[in-house]
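S.K.: I am attaching a structure below and will ask some questions about it afterwards.
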Amino acid sequence: MTMDDNKTALQRKIIHVDMDAFFASVEQRDHPELRGKPVAVGGGSERGVVAAASYEARKFGVHSAMASVTAKRKCPELIFVRGNFETYRAVSKQIHEVFAEYTPLIEPLSLDEAYLDVTENLKGIASATQIAEEIREKIHAATHLTASAGVSYNKFLAKLASDQNKPDGLFVIKPAMGPSFAASLPVKKFHGIGPATAAKMNRLGLYTGADIRAQSLDFLEQHFGVSGRYYYGISRGIDHRQVRPDRERKSIGAENTFFIDTTDFDTAWGFLEPLIDKVWAYVEAKQIKGRTVTLKVKFSDFRIITRSRSGLVPVASREQLAQFTRVLLEGVFPVGKGIRLLGVSMSSLGEKAEETQAQLSLSL
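Each number in the working numbering comes from the position in the sequence shown (counting from 1) with 6 added on.
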């Protein structure tokens, strides 16, 4: 990279917007009796799993992917609601309409968060901080919900920034701050570094961004493969990824790690249902379809297996997606080792599925 290229990279203006406890906040907005109370979106049954938790619930240690019985034990006053993904999609559309007032360069990550490149924006506003504040104000006016935003010169730092002043906050990481900010963070706080990778880094004596930065590129690539180059960059506050509004997705998926490993089918199925909801919500929001359903299972020994089924016609409903996911899960049981992570995804993507009763073939 030339000096001019590096200067240009530092002049980018990237915003990461993340709605605050989105699903739970929508429920509290629409049901006044829930306001100020600990709320969990998800199944409240013995086999249920928390899909999202309000900030009131988080104070008790309740978080997403936690077994409902555990959540209830931590917070006896916890109120469970099933959730309404039609409403969440509608609110997400309102939020994205606000984004579109400022830039066409919007990269959605989910229903409730997105990257925006406002380096050159539709309103000609020089300050990305001003744009972020206006966006937060307009979102609140349109939806009566709060959003947090991070502003920086690349995606990695903007996303880190949005976490700093939650809820209902704004944080800016300027170019002069970027390298030192990244160096000071524990590796487990880095987006893109999961628990397993963080544990591996800790075993290698890497606990902070500064520890990563002290290593050579060869060392990082030796231990982390192609991801090593990415870690080398972000530990220095460098991330050249572009905001991609029309990025081609090969698949749409959701996964989560169990709070406690399980060998029980009903517990595993209860854990999968909110993930199915999330995948289908994205399918509906983006007006796309998928013909292949894949189940991902990670066991307690970190062995991973996947099971997939494809058909000639796309999955036409959330019910069909659930049906095929359950068939795949049934094929995995009984299990000899505990399951620590489950995920579901759809691939072979195209335009939105027609409203049809056509059934997916379950043949290989």
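Think of the CB as a built atom: it goes at the ideal place given N, C-alpha and C, for glycine as much as any other residue. Keep in mind the model is a prediction, meaning the values are calculated, not measured.
1. Mapping DSSP to helix, strand and coil, what is Glu-119?
2. Sort out for me which residues DSSP pairs Met-72 with in a bridge.
3. Short of 6 Å in beta carbon distance, which residues of its chain neighbour Gly-50, apart from the five on each side in sequence? Order them along the chain.
4. Count the other CB atoms, across all protein chains shown, that sit within 10 Å of the CB of Thr-312; report buried if there are 16 or more and exposed otherwise.
5. Can you give me the C-alpha to C-alpha distance between Thr-135 and Trp-275, rounded to a whole angstrom?
6. Helix, strand or coil for Asp-267? Go by DSSP, reduced to three states.
7. Which of the three DSSP states, helix, strand or coil, is assigned to Tyr-41?
8. Taking the alpha helix (DSSP H) that Asp-36 belongs to, which residues open and close that run?
9. Ile-137 by DSSP, collapsed to three states: which one?
10. Measuring CB atoms only, is the stretch 177-187 touching the stretch 236-245, in the sense that at least three cross pairs come out at less than 8 Å?
11. In chain order, what residues of the same chain lie with their CB nearer than 7 Å to the CB of Gly-42, ignoring the 5 residues before and after it?
12. Could you tell me the alpha carbon to alpha carbon distance between Ser-133 and Pro-251, rounded to whole angstroms?
13. Who are the near neighbours of Leu-226 in its chain, counting only those whose CB is closer than 6 Å to its CB and skipping five residues on each side?
14. For His-22, would you say it is in contact with chain D, using Cβ-to-Cβ distances shorter than 7 Å as the test?
15. Count the other CB atoms within 10 Å of the CB of His-22; is the residue buried (16 or more) or exposed (fewer)?
16. Can you tell me which of Ser-306, Arg-297 and Ala-59 puts its alpha carbon nearest to the alpha carbon of Met-25?
17. I believe Leu-348 touches Lys-302 by the beta-carbon criterion, under 8 Å. Please report the beta-carbon distance rounded to the nearest angstrom.
18. Ala-204 by DSSP, collapsed to three states: which one?
19. Give the single residue among Gly-48, Ser-98, Glu-107 and Thr-93 whose Cα lies nearest to the Cα of Lys-78.
20. Taking the alpha-carbon of Phe-196 as reference, which of Gly-211, Phe-177, Gly-175 and Asp-169 has the nearest alpha-carbon?
21. If you follow the beta strand (DSSP E) that Ser-99 is in, where does it begin and where does it stop?
22. Can you tell me whether Asp-217 is helix, strand or coil according to DSSP?
23. So what's Glu-290 in DSSP terms, helix, strand or just coil?
24. Using the Cα positions of Leu-16 and Val-178, report the straight-line distance between them to the nearest angstrom.
25. In the DSSP assignment, find the unbroken beta strand (DSSP E) run with Ile-311 in it and report its ends.
26. Under 8 Å: do the stretch 92-101 and the stretch 263-281 share three or more Cβ pairs, one atom per stretch?
27. By how many angstroms is the C-alpha of Pro-114 removed from the C-alpha of Tyr-288?
28. Going by other Cβ atoms of all chains shown within 10 Å of its Cβ, with 16 needed for buried, is Ser-70 buried or exposed?
M.R.: The answer reads as follows:
1. What you label residue 119 is simply residue 113 of the sequence shown in a count that begins at 1. Glu-119 falls in the strand class under three-state DSSP.
2. Numbered from 1 along the sequence shown, position 66 holds the residue referred to as residue 72. Note: Met-72 sits in no beta bridge, so no partner.
3. Here residue 50 is taken as the residue at index 44 of the sequence shown, counted from 1. Contacts found: Ser-74 and Phe-86.
4. For the purposes of this step, residue 312 is taken as the residue at position 306 of the sequence shown. Exposed, since its Cβ has fewer than 16 Cβ neighbours within 10 Å.
5. Within the sequence shown, residue 135 is the residue found at index 129, counting from 1. Within the sequence shown, residue 275 is the residue found at index 269, counting from 1. Computed Cα separation, rounded: 43 Å.
6. Sequence index remark: in the sequence shown, residue 267 carries index 261 (1-based). In the structure shown, Asp-267 sits in a strand (DSSP, three-state: E or B).
7. Taking the sequence shown and counting its residues from 1, the one referred to as residue 41 is at position 35. Position check: residue 41 holds Arg in this sequence, whereas Tyr was assumed. In the structure shown, the three-state DSSP call for Arg-41 is coil.
8. Against the sequence shown, residue 36 aligns to sequence position 30. Start and end: 28-36.
9. For this step, residue 137 is matched to residue 131 along the sequence shown. If DSSP states are grouped into helix, strand and coil, Ile-137 belongs with the helices.
10. yes
11. Your numbering for residue 42 matches position 36 in the sequence shown. Same-chain partners within the cutoff: Glu-62.
12. As a first step, residue 133 is located in the sequence shown; it is residue number 127 there, counting from the start. As a first step, residue 251 is located in the sequence shown; it is residue number 245 there, counting from the start. For Ser-133 and Pro-251, the distance between alpha carbons rounds to 21 Å.
13. As a first step, residue 226 is located in the sequence shown; it is residue number 220 there, counting from the start. Correct list, in chain order: Gly-234, Tyr-237 and Tyr-238.
14. Absent here is chain D; the protein component of the structure consists of one chain.
15. Here residue 22 is taken as the residue at index 16 of the sequence shown, counted from 1. Buried, because 16 or more other Cβ atoms sit within 10 Å of the Cβ of His-22.
16. For this step, residue 25 is matched to residue 19 along the sequence shown. If we check each option's Cα against that of Met-25, Ala-59 comes out closest.
17. Against the sequence shown, residue 348 aligns to sequence position 342. Against the sequence shown, residue 302 aligns to sequence position 296. 7 Å between Cβ atoms; contact.
18. Locating residue 204 in the sequence shown gives position 198, counting from the first residue. Residue state, collapsed to three classes: helix.
19. Sequence index remark: in the sequence shown, residue 78 carries index 72 (1-based). Considering only alpha carbons, the answer is Gly-48.
20. Residue 196 sits at position 190 when you count from the first residue of the sequence shown. Per the C-alpha coordinates, the member of Gly-211, Phe-177, Gly-175 and Asp-169 positioned closest to Phe-196 is Asp-169.
21. Walking along the sequence shown from the start, residue 99 turns up at place 93. Sequence check: residue 99 is Lys here, not Ser. Note, Lys-99: premise wrong, no beta strand (DSSP E); alpha helix (DSSP H) at 91-106.
22. Position 211 of the sequence shown, counted from the start, is the residue given in the question as residue 217. Of the three classes helix, strand and coil, the one that applies to Asp-217 here is helix, per DSSP.
23. Position 284 of the sequence shown, counted from the first residue, corresponds to residue 290. Three-state DSSP puts Glu-290 in a helix.
24. Translated into the one-based positions of the sequence shown, residue 16 becomes position 10. Translated into the one-based positions of the sequence shown, residue 178 becomes position 172. C-alpha separation (whole angstroms): 14 Å.
25. Your numbering for residue 311 matches position 305 in the sequence shown. Residues 310-316.
26. no
27. Position 282 of the sequence shown, counting from 1, holds the residue named residue 288. Position 108 of the sequence shown, counting from 1, holds the residue named residue 114. Tyr-288 and Pro-114: Cα-Cα distance of roughly 10 Å.
28. The sequence position of residue 70 within the sequence shown is 64, counting from 1. It counts as buried.
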